[in-house]
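Using this note's numbering, the first residue of the sequence shown is number 2, and each one after it goes up by one.
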Amino acid sequence: MKKAAALRYKEGDNAPKIIGLGKGEIAEKIIAIARENNIPIVVNPPLSETLTFLELGQEIPPELYRVVAEILAFIYKTTQEIP
């Protein structure tokens, strides 16, 4: 089953937060909305699996900081949108 999680990190936040979670059809909708809004999509099934155990609005736990930081750095570098 397809899983998707949407994260947001804003300056001043302690850590990225979960702003969207879904499995199956809901995951497809999250991905479609991201595409429609030119939001980068990263395929990482192990991370998606882990994130689906979190709650909406929850900050990611410290054990995910490194992997999420690497993904965000990649996105910022490839889109040239450095905060």
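A virtual CB, placed ideally from N, CA and C, is assigned to each residue, including glycine. Bear in mind that the values here come from a model prediction, so they are computed numbers and not experimental data.
- DSSP, read as helix, strand or coil, puts Leu48 in helix.
- Judged by DSSP secondary structure, Ala74 falls outside any beta strand (DSSP E) and instead within the alpha helix (DSSP H) spanning Tyr66 to Thr80.
- The beta carbon of Ile72 sits closer than 6 angstroms to the beta carbons of Val43 from its chain, once the five residues preceding and following it are set aside; these are given in chain order.
- For Ile34, the enclosing alpha helix (DSSP H) covers residues Glu26 to Glu37.
- The Cβ atoms of Thr51 and Lys24 do not sit closer than 8 angstroms to each other.
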